[in-house]
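Sequence order for the protein chains is R and Z.
Just so you know, we're using the numbering used here here: the first sequence kicks off at 2 and counts up by one.
Just so you know, we're using the numbering used here here: the second sequence kicks off at 24 and counts up by one.
See structure below.
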Amino acid sequence: MLTAKACFFRKYLKILFSFSRKNIKQYILTMDIIVDGITKTYGRQNAVDELSFQVKTGEVLGFLGPNGAGKTTTMKAITGYIETNGGDIEVGGISVNKNPGEVKKHIGYLPEHNPLYQDMPIIDYLGFVAGLQGLEKNEIESRVTEMIQVCGLSSEKHKKIRELSKGFKQRVGLAQALIHNPEVLILDEPTTGLDPNQIVEIRELIKNIGREKTVILSSHILAEVEATCDRILIINKGKIVANGTAEELRRQAQGNELLTVGLGNADRNEAFNALKELPSVALVDFANGEGAVFAVHSKERQQSAKPIFDLCMQKGWYICQLTPVETKLEDIFRQVTQN
Amino acid sequence: MITRRELQSFFDSLIAYIMIVVFLALSGLFTWLYGSDIFYVNQASLQSFFGIAFWTLFFFIPALTMKQIAEERKTGTIEMLLTKPISEWQLLWGKFLATLILIGIALVLTLPYYITVWKLGPIDHGAVWTGYFGLLLMSSAYISIGLFASTITNNQIVAFLLALFIGIFFHIIFEFLASNMSGILGSVFNYLSISNHYQSVSRGVIDSKDLIYFLSIIFMGIVSAEAVLVKRTVN
Numbered sequence: 002m003l004t005a006k007a008c009f010f011r012k013y014l015k016i017l018f019s020f021s022r023k024n025i026k027q028y029i030l031t032m033d034i035i036v037d038g039i040t041k042t043y044g045r046q047n048a049v050d051e052l053s054f055q056v057k058t059g060e061v062l063g064f065l066g067p068n069g070a071g072k073t074t075t076m077k078a079i080t081g082y083i084e085t086n087g088g089d090i091e092v093g094g095i096s097v098n099k100n101p102g103e104v105k106k107h108i109g110y111l112p113e114h115n116p117l118y119q120d121m122p123i124i125d126y127l128g129f130v131a132g133l134q135g136l137e138k139n140e141i142e143s144r145v146t147e148m149i150q151v152c153g154l155s156s157e158k159h160k161k162i163r164e165l166s167k168g169f170k171q172r173v174g175l176a177q178a179l180i181h182n183p184e185v186l187i188l189d190e191p192t193t194g195l196d197p198n199q200i201v202e203i204r205e206l207i208k209n210i211g212r213e214k215t216v217i218l219s220s221h222i223l224a225e226v227e228a229t230c231d232r233i234l235i236i237n238k239g240k241i242v243a244n245g246t247a248e249e250l251r252r253q254a255q256g257n258e259l260l261t262v263g264l265g266n267a268d269r270n271e272a273f274n275a276l277k278e279l280p281s282v283a284l285v286d287f288a289n290g291e292g293a294v295f296a297v298h299s300k301e302r303q304q305s306a307k308p309i310f311d312l313c314m315q316k317g318w319y320i321c322q323l324t325p326v327e328t329k330l331e332d333i334f335r336q337v338t339q340n
Numbered sequence: 024m025i026t027r028r029e030l031q032s033f034f035d036s037l038i039a040y041i042m043i044v045v046f047l048a049l050s051g052l053f054t055w056l057y058g059s060d061i062f063y064v065n066q067a068s069l070q071s072f073f074g075i076a077f078w079t080l081f082f083f084i085p086a087l088t089m090k091q092i093a094e095e096r097k098t099g100t101i102e103m104l105l106t107k108p109i110s111e112w113q114l115l116w117g118k119f120l121a122t123l124i125l126i127g128i129a130l131v132l133t134l135p136y137y138i139t140v141w142k143l144g145p146i147d148h149g150a151v152w153t154g155y156f157g158l159l160l161m162s163s164a165y166i167s168i169g170l171f172a173s174t175i176t177n178n179q180i181v182a183f184l185l186a187l188f189i190g191i192f193f194h195i196i197f198e199f200l201a202s203n204m205s206g207i208l209g210s211v212f213n214y215l216s217i218s219n220h221y222q223s224v225s226r227g228v229i230d231s232k233d234l235i236y237f238l239s240i241i242f243m244g245i246v247s248a249e250a251v252l253v254k255r256t257v258n
């Protein structure tokens with residue numbers, strides 16, 4: 002009885018201790034990633050060309066770019082897998098060039114094609130990776146159980162990886178990257194090849210996990226980056242071509258206001274001329290389709306919604322459509338990556 | 024960690040069993056039944072066993088090592104491994120050790136030969152133990168050569184053939200050259216030949232010269248394998 006009590010007490014203390022340790026870890030360590038002018042050449046080609054950027058602790062950075070832009074190369078350089086030809090990367094103040102072993106302890110990495118040992122059962126595989134990360138023996142088991150739970154692998158845990166569906170394999174890849182509770186998470190196209198349901202699931206998972214971690218995530222799917230990331234970085238030919246939140250990028254790309262205006266009860270040509278006369282309007286186009294629907298471009302830093310409303314009041318028209326046209330992320334992407 | 028996983032993968036796939044069974048079958052056949060076997064020679068010695076093990080291991084070891092790095096490269100798991108806080112050096116020694124342990128297991132399973140021969144007649148115990156020791160040294164040398172071959176390609180067959188190709192120089196060609204040449208060149212080739220050193224060890228004499236020879240081959244193999252791995256350039 003007494004020993005059971007003591008046992009319980011010890012367990013309680015252990016939990017308490019682990020909590021406080023976790024908190025200290027979170028608050029004291031800032032795990033900023035600073036990429037400082039890295040260059041990587043393959044043969045004569047510059048895969049990455051004096052690339053510099055920063056990711057702050059707790060931020061989720063979306064890394065965009067066309068195929069071959071240097072995304073994967075940059076990520077491999079941050080993880081210390083490849084050496085750069087110039088520049089340096091710091092993760093939490095530790096230089097990747099000088100102390101790659103130390104940096105690797107803080108990084109969880111999911112490589113592009115999610116390489117796994119196909120002939121290993123999930124549990125064994127995660128245990129193996131935990132061992133490689135240098136976790137203590139008694140820690141390994143609890144971490145593996147926890148990761149299996151977090152990543153929703155409980156029903157499959159004894160299956161060999163070969164037998165899993167692609168979605169589950171991806172979960173194993175994530176679990177593998179998270180096994181040592183790293184402060185920094187680097188995910189190279191984590192949702193490629195998954196079906197829409199799986200994409201949503203993985204995305205949710207990343208979002209949940211990413212709350213306390215510094216995350217860099219590369220992707221082709223722009224909607225995904227917008228949904229999961231705090232900031233977007235677009236690179237092309239090894240250089241940064243856009244950097245900011247989705248909002249900021251839109252604003253930059255859009256420039257002047259553009260409205261789609263539909264007027265009921267109005268003559269097409271008369272309305273066209275009247276809109277053109279408005280002082281805030283720079284340009285009016287007929288939109289596609291029948292009826293009085295126009296694309297109204299405002300002048301720089303001016304807004305046309307109110308003048309249009311007033312005009313309609315005056316003429317006795319009614320507004321059946323008034324929509325600001327947002328530049329889609331796709332457009333921005335195309336704009337900055339095609340010269 | 025690496026060693027345990029490698030051993031597990033040897034035993035999970037049939038490689039380990041096939042290797043052990045075939046090794047035992049071949050060495051058993053030639054020790055007891057065929058050719059210059061024990062009854063033919065009519066001497067209680069394991070010389071014929073060591074002779075055949077010398078050749079079977081020469082072919083088996085490249086088969087074991089060929090996939091060790093090449094496959095990691097092909098499937099991309101090497102990237103997973105090397106972004107963990109372990110060095111190339113640790114990775115290679117882990118794999119080296121796993122293969123050596125497997126060979127060790129195969130050799131331990133031949134101990135019944137030793138015991139039966141011992142029951143049959145007077146045997147030179149010293150020679151037997153140094154014979155086993157020589158086999159282990161020779162195996163280690165070929166494992167490190169095999170690992171090196173496995174690092175420079177991601178094709179297992181190429182790795183296998185390359186390991187055999189490098190191995191055959193040490194195995195017979197150097198000895199052959201040495202016997203055809205005299206002077207310094209002859210003694211250089213003589214020194215480079217694995218079979219010479221193996222024979223001197225298995226005869227019952229463990230010379231520091233032989234030890235240094237084997238150890239330097241092992242280190243050369245692993246060091247050059249590491250150099251290739253660090254570069255990461257081969258596709």
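The beta-carbon is built from N, C-alpha and C at its ideal position, and this holds for glycine as well.
| Query | Result |
| --- | --- |
| Pick from R:Gly-87, R:Ala-306 and R:Leu-195 that is closest to Gly-263 (chain R), judged by C-alpha positions | R:Ala-306 |
| Best match in R:Gly-239, R:Gly-81, R:Asn-115 and R:Lys-167 for proximity to Thr-98 (chain Z) [C-alpha to C-alpha] | R:Asn-115 |
| Within chain Z, the residues that His-114 (chain R) reaches when beta carbons sit closer than 7 Å | Gly-99 |
| Which residues DSSP lists as bridging Gln-322 (chain R), in chain order | R:Gly-263 |
| Selected residue, minimal CA-CA separation from Met-89 (chain Z), among Z:Ile-38, Z:Leu-49 and Z:Ser-239 | Z:Ile-38 |
| Per-residue contacts from Leu-186 (chain R) into chain Z (C-beta, under 7 Å) | Chain Z residues near Leu-186 (chain R): none, gap ~12 Å exceeds 7 Å. |
| Segment limits, alpha helix (DSSP H) that includes Phe-54 (chain R) | Per DSSP, Phe-54 (chain R) belongs to no alpha helix (DSSP H); it is in the beta strand (DSSP E), 46-56. |
| DSSP state of Asn-257 (chain R) mapped onto helix, strand, coil | coil |
| Closest Cα partner of Leu-218 (chain R) within the set R:Thr-40, R:Asp-189 and R:Phe-129 | R:Asp-189 |
| Alpha-carbon to alpha-carbon, Ala-121 (chain Z) and Ile-29 (chain R) | Since pLDDT at Ile-29 (chain R) reaches only 48, below the 50 mark, its modelled position is unreliable, and the value read off the structure follows with that caveat. Cα to Cα, the separation comes out at about 41 Å. |
| CA nearest to the CA of Ala-293 (chain R), picked from R:Arg-212, R:Ser-299, R:Ile-320 and R:Glu-278 | R:Ile-320 |
| Below-8 Å beta-carbon distance, Arg-255 (chain Z) vs any chain R residue | yes |
| Coil, strand or helix - Thr-40 (chain R) by DSSP | strand |
| Nearest neighbour of Val-285 (chain R), chosen from R:Thr-261, R:Glu-51 and R:Ile-35 [CA to CA] | R:Thr-261 |
| Chain-ordered neighbours of Leu-105 (chain Z) on chain R, where CB pairs are closer than 7 Å | Tyr-82 |
| C-beta neighbour in chain R for Arg-96 (chain Z), strict 8 Å | no |
| Ala-296 (chain R) versus R:Arg-269, R:Trp-318 and R:Tyr-126, residue with shortest Cα-Cα distance | R:Arg-269 |
| Short Cβ contact (8 Å threshold) for Glu-198 (chain Z) with Ser-223 (chain Z) | no |
| Element boundaries [alpha helix (DSSP H), containing Ser-299 (chain R)] | Careful: Ser-299 (chain R) lies outside any alpha helix (DSSP H), inside the beta strand (DSSP E) at 293-299. |
| Min CB distance Gln-46 (chain R) to chain Z below 8 Å | no |
| Runs of beta strand (DSSP E) lying entirely within the stretch 164-243 of chain R, each at least 3 residues, in chain order | 185-189, 215-219 and 232-237 |
| The beta strand (DSSP E) enclosing Leu-65 (chain R), as first and last residue numbers | 61-65 |
| Option nearest Asp-160 (chain R) by Cα separation, candidates R:Leu-127, R:Gly-88 and R:Ala-275 | Inspection of the sequence shows that residue 160 (chain R) is occupied by Lys rather than by Asp. Cα-wise, what sits closest to Lys-160 (chain R) is R:Leu-127. |
| Buried or exposed by the 16-neighbour rule on C-beta atoms within 10 Å, applied to Glu-331 (chain R) | exposed |
| Buried/exposed call for Phe-53 (chain Z), threshold 16 Cβ in 10 Å | buried |
| Residues bridged to Pro-122 (chain R) [DSSP beta-bridge criterion] | R:Lys-161 |
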